[in-house]
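Asks: Counting with the working numbering, you get residues 1 to 254 for the letters of the sequence shown. Cβ atoms here follow ideal geometry from the backbone N, Cα and C, with glycine treated the same way.
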Amino acid sequence: MFPLERQKKILELLMIKKVIKITELTEELEVSVDTLRRDLNLLTEQGKIEKIYGGVKLVESTFGESSIDERMISHLKEKEMIAQKCSEFINDGDCIYIDSGSTTYQIAKYIKNKKNLTVVTNSIPVVNELLNSDVELVIIGGKVRKNEKSVVTYEYLFNFSELNILKAFICASGITIEKGISDYNLEEAITRKKMIELSKEIFVAADSTKFGKDVTIGIASLDKIDYMITDHNLPTHFVNQFKKTSTNLIISQN
């Protein structure tokens with residue numbers, strides 16, 4: 001196993017167990033203590049983990065929003081199922097918007113064989129995923145949020161009102177019946193609001209842990225959202241509440 005693979009595995013294990021002993025890691029990864037120590041030192045320097053007596057733990061995010069790297073491996077199975085369900089709504093010849101985020105990123109993996117597809121995005125990981133495919137790529141020009149690997153403040157370089165976006169796939173950090181969808185970052189929220197305004201159909205792709213949360217910046221009320229796609233872990237009371245709204249709630253299955 002290469003160092004990067006081991007380090008990713010360490011983070012995946014910590015997302016599940018939160019705290020792991022050094023002895024557990026050496027057995028799980030089948031490496032020596034010295035090799036493991038080098039990986040842990042690097043992850044510590046990057047601010048991703050914290051050493052404690054006899055083991056390590058994840059560093060808690062300071063401002064509520066976890067990093068994109070953490071979210072890429074958190075609830076991964078659920079996000080893949082959500083993305084696969086989203087891909088069923090994408091047809092050959094569509095022009096779509098894929099938002100920055102760990103759930104919407106997964107959509108890119110399922111659409112590489114679509115014909116005459118145009119993807120507008122502000123997500124650098126989405127661009128990297130689709131770079132060697134036949135998908136036509138349009139990336140928002142503007143300021144790069146390095147920690148989120150996204151591009152915001154689109155008005156710097158491009159007039160997106162000229163684009164005919166059929167479907168926008170948007171992420172959210174919080175979803176409530178009363179307030180709709182919300183996010184932690186103002187610039188991300190502004191970009192999402194603009195894409196919702198420009199697009200004919202709006203899909204929100206979010207795992208079930210985002211429901212019941214109303215975080216810092218409001219993006220859109222539910223009457224602006226056509227489809228809400230989430231995983232099968234969503235509590236029943238949310239399902240019942242959505243029946244009273246105009247938003248179509250779609251549950252991805254195992």
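(1) Distance, Cα to Cα, Ile-177 vs Lys-213?
(2) Which two residues bound the contiguous alpha helix (DSSP H) that contains Val-33?
(3) Output needed for Leu-29: all residues of its chain with C-beta closer than 6 Å, excluding positions within five of it in sequence on either side, in chain order.
(4) Decide if Val-280 is buried, meaning its Cβ has at least 16 other Cβ atoms within 10 Å, or exposed.
(5) Taking the continuous beta strand (DSSP E) assigned at Leu-58, which residues delimit it?
(6) Taking the alpha-carbon positions, what's the Ala-189 to Gly-218 distance?
(7) What residue range does the beta strand (DSSP E) around Val-19 cover?
(8) When DSSP labels each residue in this structure, what does Glu-129 get in the three-state scheme?
(9) Assign Met-81 to buried or exposed, taking buried as 16 or more other Cβ atoms, counted over all protein chains shown, within 10 Å of its Cβ.
(10) What residue from Glu-129, Glu-50, Ala-220, Asp-207 has the CA that sits closest to Ser-182's CA?
(11) Considering only C-alpha positions, which residue in the set Leu-234, Thr-245, Leu-42 is nearest to His-75?
(12) With a CB to CB cut of under 6 Å and the five nearest residues on each side skipped, what residues in its chain are close to Leu-131?
(13) Consult DSSP for Thr-216 and reduce its assignment to one of helix, strand or coil.
(14) Report the option in Leu-25, Ile-98, Ser-102 whose CA atom is closest to the CA atom of Ile-111.
(15) Could you pull out every unbroken beta strand (DSSP E) segment of at least 3 residues lying fully inside the stretch 185 to 234, listed in chain order?
Replies: Inspection of the coordinates gives the following:
(1) 10 Å
(2) 33 to 45
(3) Arg-6
(4) The chain is shown from 1 up to 254; residue 280 falls before or after that span and cannot be answered.
(5) 55 to 58
(6) For the pair Ala-189 and Gly-218, the Cα-to-Cα distance works out to about 7 Å.
(7) 19 to 21
(8) helix
(9) buried
(10) Ala-220
(11) Leu-234
(12) Counting only Cβ-Cβ distances below 6 Å, and skipping sequence neighbours, we find nothing.
(13) coil
(14) Ile-98
(15) Along the length of the stretch 185 to 234, whole beta strand (DSSP E) runs at least 3 residues long occupy 201 to 205, 217 to 220, 227 to 231, reported in chain order.
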